[in-house]
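K.L.:
Protein chains in written order, with the working numbering: chain P, 1 to 437; chain B, 1 to 437.
Below: one structure in structure tokens.
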């Protein structure tokens, strides 16, 4: 009814990918946004942050498109990956295209680069101020008050806000403050597997040392290695395995023997000396899944991105889901005329169940990547999927495609898969695959 | 090999039931124990604390026996409840005996009284000091350092310890510190139901107003009321219902109309005026379930009781499970010669899975209490159970009995029930009951 929209004073906690993105969206809506990041400005001082390359897909792309960054990210800095390249133990390769019908790709993107352009995009809005080196000490979710300490000067600052957006990652302090509130549900689960990063060097003549248009996977049952192409012609690889397995690789000899057995082609490409150097640089890292409900408290606090739904990386949906949070928030601000008393509960109502679903899917996809891609049942199911999608392009969209190449609600992707499983079971009489959602 | 046991300097955080009990056990082993409680001494200044009466059963009794308090608690202050008394809507009653074969009872015990005698028992050990009004502000789980504030003087005290025992309840700060550590799994879940306490007056001639040897239940499908006898001839009742239902009871008229419909006999016994007064004294309280793993961090910190496994109250195992934690800790201290590097991981290894199980069982028992006790299938299954237990007293122990009247590991109680269900399905061809574990 044309009611005047109040300009909100928003405090975004966390200047990672999702924090920088939500800052852009809220600034674009005309709100006053202060973004607080505990690290220095990564555009000036690039400290090595979180690893595992990003794979940008439909949900993330749509968010970037809304602030006119999609073309820059995809076409100038993204590496298109059209499918999985499976490396078997005997050195043979098998290609599994992600979307042979519509030719959709996922894009390998450098996390630091993407974070830098999002910060710069945010800073272009005159109603945005970014405070680096500001670590959150405490927040009052009832009043919107926040207390920060400057990491270099130890100066304390107290600020007020109409809305706190906790985009402060998997270990979110805003979430930990919500956990103390009644009727806040939260499940924090570490898997028994960890990971170590290794890096593949540039090939001859400044070319990729293996195909630059694939996500490479070495599935080995209980563990696996993956590698994603970077735009400097290197690959970033990650070995995922049970902590027990990783802890047994405690000497260069054990490590090399393990690679000779399991990843002979990987070892040849990386080189023994480099592998040992990379591998022992850090300890194995943990993998965490966070499911919680609701995402808001009262009308002054909301968590988004990893703060709300950190997930294991095996569906490559962590960033994409976080970016989709921002699209949803923007849409609800539009619908409810920026009235937070309506926007925040509506956000939780819609989003929590979807993110429970994608966290579960990410966990299950680890099994698929490690194991099923080498099994005949899986390959055959992919084939059936492709044929049916080709025959019924509107009505038969495989689970991977609905998650990765559509904006179908994550919850619906699962129920969609459930009826497909029923149909293809009747078609093929395969039962083992039913286990896999 | 007769190696000298080191005297440990233990800090127990929380002087509730489990904190006071573990203090006794550790003091008995010869350790130096400081117990910190944020409230004043309840033996002097009794502030109304947590409600819901306690129902003491085998696990709790065994722990009290070990410090010579069982007889005092059970025979002098416990009210034996031999079964459930079901109140149907038409006012008719149905008795369901807990253990008609071995005649075991559960005992209604006053929480404050039990807490008082445990504190006094702890204080009798000269190697114990109790610090009341000491609220924990922070702890270093690596070093065992703790920081307290005195609730009346605001004085800060820093103390050192060899072992921190977090017995600080469902909202445990020690647990919240553990949550920040890698590989700590925790699931915090509120149910959509809350509860309100009401109280039944003393009957004529200082007698109970209804049977004093039963746990009274008014099962009504989606909600229920229960009442436990107190030793002053009153009953403490609790109405458990979805928050939506409770919130609709927002005027005396709505409340009385609801009771007239659903609990006409309860209303007559309590009286309209008293019911209205009790009901509107406080807001409905929440019900929380906590499952986490592990229970220890390093060799200096352990959580027990509600801090480790708060559960909904429907199996009456919260205190009993907490007391059994103390029995297990004591046993492992014995086995490992008080070597914490062995005791603490072993405690987590054994105990976490069992407490996941009892938390789940407590959740399922809510359905049983609300619903199944009125269904023919349930009554019939109880009958079959009784006959089979009478025929095979060593081999056929119903689930309720293994949980309540034995020290069988909670996890094994569930698997034990699973095979019984299979057998009795074959005997009776009932299928609905299989849902209920």
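Note that CB positions come from ideal geometry on N, CA and C, so glycine has one too.
So, helix, strand or coil for residue 342 (chain P), using DSSP?
P.N.:
helix
K.L.:
For the structure I just gave you, are there three or more beta carbon pairs, one from the region 86-105 of chain P and one from the region 213-226 of chain P, closer than 8 Å?
P.N.:
yes
K.L.:
Can you confirm whether residue 352 (chain P), when its beta carbon is compared against all beta carbons of chain B, has any partner nearer than 8 Å?
P.N.:
Chain B contact via Cβ: absent.
K.L.:
Run through DSSP, which three-state label would residue 64 (chain P) get?
P.N.:
helix
K.L.:
Give me whichever residues DSSP pairs with residue 138 (chain P) in a beta bridge.
P.N.:
P:147
K.L.:
So, at 7 Å on beta carbons, what are the nonlocal neighbours of residue 347 (chain P) in its own chain, with the 5 sequence-adjacent residues on each side left out?
P.N.:
So the qualifying residues of the chain are 295, 296, 302, 328, 329 and 332.
K.L.:
Spatial neighbours of residue 171 (chain B) within its chain, please: CB distance less than 7 Å, with the 5 preceding and 5 following residues excluded, ordered by chain position.
P.N.:
none
K.L.:
Is DSSP giving residue 308 (chain B) helix, strand or coil here?
P.N.:
helix
K.L.:
Tell me whether residue 271 (chain B) is buried or exposed, calling it buried when 16 or more other Cβ atoms sit within 10 Å of its Cβ.
P.N.:
exposed
K.L.:
Using a Cβ-Cβ cut-off of less than 9 Å, list which residues of the region 152-185 of chain P approach chain B; keep chain order.
P.N.:
171, 176, 179, 180, 182, 183, 184 and 185
K.L.:
I'd like the span of the beta strand (DSSP E) that includes residue 292 (chain B), first residue to last.
P.N.:
288-293
K.L.:
Compare the beta carbon distance of residue 99 (chain B) and residue 314 (chain B) with 8 Å and say whether it is the shorter of the two.
P.N.:
No. Outside cutoff.
K.L.:
Take residue 343 (chain B) and list the residues in its own chain whose beta-carbon comes closer than 6 Å to its own, dropping the five residues that flank it on each side.
P.N.:
332, 333 and 336
K.L.:
Judging by CA-CA distance, which residue of P:53, P:94 and P:65 is the nearest neighbour of residue 79 (chain P)?
P.N.:
P:53
K.L.:
Going by CA-CA distance only, name the one from B:142, B:133 and B:162 that's closest to residue 148 (chain B).
P.N.:
B:133
K.L.:
Which residues in the same chain as residue 7 (chain P) place their Cβ atom closer than 8 Å to its Cβ, once the five residues preceding and following it in sequence are excluded?
P.N.:
30, 31 and 32
K.L.:
Alpha carbon to alpha carbon, what distance is there between residue 257 (chain B) and residue 186 (chain B)?
P.N.:
41 Å
K.L.:
In three-state terms, what does DSSP make of residue 188 (chain B)?
P.N.:
Look at residue 188 (chain B) here: in three-state DSSP terms it is strand.
K.L.:
Kindly confirm or deny that the region 145-165 of chain B and the region 105-122 of chain B touch, where touching means at least three C-beta pairs closer than 8 Å.
P.N.:
no
K.L.:
Report the partner residues of residue 200 (chain B) according to the DSSP bridge assignment.
P.N.:
B:235, per the DSSP bridge assignment.
K.L.:
In chain order, what are the residue ranges of uninterrupted beta strand (DSSP E) at least 3 long that sit wholly in the region 203-278 of chain P?
P.N.:
214-219, 224-229 and 235-242
K.L.:
Of all Cβ atoms in chain P, is any one closer than 8 Å to the Cβ of residue 189 (chain B)?
P.N.:
yes
K.L.:
Tell me where the beta strand (DSSP E) around residue 94 (chain B) begins and ends.
P.N.:
93-97
K.L.:
Using only the alpha-carbon positions, how far apart do residue 290 (chain P) and residue 37 (chain B) sit?
P.N.:
32 Å
K.L.:
Give me whichever residues DSSP pairs with residue 400 (chain B) in a beta bridge.
P.N.:
Paired residues: none, contrary to the question.
K.L.:
Answer yes or no: does any C-beta atom of chain P fall closer than 8 Å to that of residue 286 (chain B)?
P.N.:
Contact with chain P is found for residue 286 (chain B), since one of that chain's Cβ atoms lies less than 8 Å from the residue's Cβ.
K.L.:
I need the straight-line Cα distance from residue 35 (chain B) to residue 63 (chain B), nearest angstrom please.
P.N.:
19 Å
K.L.:
Whole angstroms is fine: what's the gap from residue 240 (chain B)'s alpha carbon to residue 307 (chain P)'s?
P.N.:
33 Å
K.L.:
Which runs of the beta strand (DSSP E), 3 residues or longer, sit entirely within the region 4-42 of chain P?
P.N.:
9-13 and 32-36
K.L.:
Using CA coordinates, which residue listed in B:180, B:11 and B:21 is at the minimum distance from residue 66 (chain B)?
P.N.:
B:21
K.L.:
In this structure, how does DSSP classify residue 370 (chain P) when only helix, strand and coil are distinguished?
P.N.:
helix
K.L.:
Assuming residue 159 (chain P) is part of the alpha helix (DSSP H), what are its boundary residues?
P.N.:
No alpha helix (DSSP H) contains residue 159 (chain P), which is instead part of the beta strand (DSSP E) from 156-159.
K.L.:
Is it a yes or a no for the region 193-208 of chain B touching the region 273-290 of chain B, going by three-plus beta-carbon pairs under 8 Å?
P.N.:
yes
K.L.:
Rounded to whole angstroms, what is the Cα-Cα separation between residue 215 (chain P) and residue 197 (chain P)?
P.N.:
15 Å
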